[in-house]
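Undergrad:
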Amino acid sequence: MPPRRKLSDLDRGRAIGWLQDGVAARQVAQRLAVAPSVIIRLKQRFHATGRVQERQRSGRPRVTTQREDRFIQRQAMQQRMATANNIKQRLQTTTNTVVSGQTIRNRLHNFGLRARRPVRGTTLTANHRAARRAWYTQHVRWQRQQWA
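All residue numbers in the sequence shown are consecutive under our numbering, ending with 900.
1. May I ask you to report which of helix, strand or coil DSSP gives Phe798?
2. Comparing alpha-carbon positions, which option in Gly765, Pro870, Ala836 lies nearest Arg859?
3. Suppose you measure from the CA of Arg871 to the CA of Gln898; what does that come to, to the nearest Å?
4. Is it the case that the Cβ atoms of Val815 and Thr845 are separated by a distance below 9 Å?
5. Could you tell me which whole alpha helix (DSSP H) segments of length 4 or greater appear in the stretch 822-897?
6. Return the first residue and the last residue of the alpha helix (DSSP H) that Gln782 is part of.
7. What do you get for Val851, buried or exposed, if any count of 16 or more other CB atoms within 10 angstroms of its CB means buried?
8. Determine, for Val786, whether the minimum Cβ-Cβ distance to residues of chain C falls below 9 Å.
9. If Ala777 sits next to Ile768, beta carbons under 8 Å apart, how far is it from one beta carbon to the other, in whole angstroms?
10. Ends of the alpha helix (DSSP H) at Leu759?
11. Can you name, in chain order, every residue of its own chain whose Cβ lies under 7 Å from the Cβ of Gly765, other than the five neighbours on each side?
12. Only counting the same chain, and skipping five residues up and downstream in sequence, which positions put a Cβ closer than 7 Å to that of Asp763?
13. Do you know how far the Cα of Leu865 is from the Cα of His799?
14. So what does DSSP say about Arg766, is it helix, strand or coil?
15. Quick one: grab the DSSP three-state call for Pro813.
16. Using CA atoms only, rank isn't needed, just tell me which of Thr847, Phe863, Ile839 is closest to Gly853.
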């Protein structure tokens, strides 16, 4: 099943205008690339309420604004190794918005950013360093023909 696409206020207004001009609901649905049932429900709601805007829904209000969400994303992209708590502290000092670390992780997840651990290479011992240094001193004066 494809993801649901919400009609914008502009598209809802256009749909009602087309319906009032006599365009069939099926044709309006094709023009807007939605199911005909969406247009039929929109028409019924418009006749009942006289409005095309969606009604306010209940639910927990968002703690952060879109601007703060972009700030969170920008901080995560600029400092790739920053933790959610580091970003939370920066957000709090910059915008005085108090959020939890989980909220930061949720926003980053919405932007498609995931936590990654850097690959840790093997630790070099003193013997490794000495061997590298010896190799370098042997090869430092080589010419291009010797490398071939």
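All residues carry an ideal CB built from backbone N, CA and C; glycine is no exception.
TA: Well, looking at it:
1. helix
2. Ala836
3. The sequence given here places Val at residue 871; Arg does not occur at that position. About 34 Å.
4. no
5. 836-847, 853-862, 878-891
6. 777-784
7. buried
8. Protein chains in the displayed structure number just one, and chain C is not present.
9. Not confirmed; about 11 Å, so no contact.
10. Leu759 -> no alpha helix (DSSP H), and no H or E assigned at all.
11. Val804
12. Leu784
13. 43 Å
14. helix
15. coil
16. Ile839
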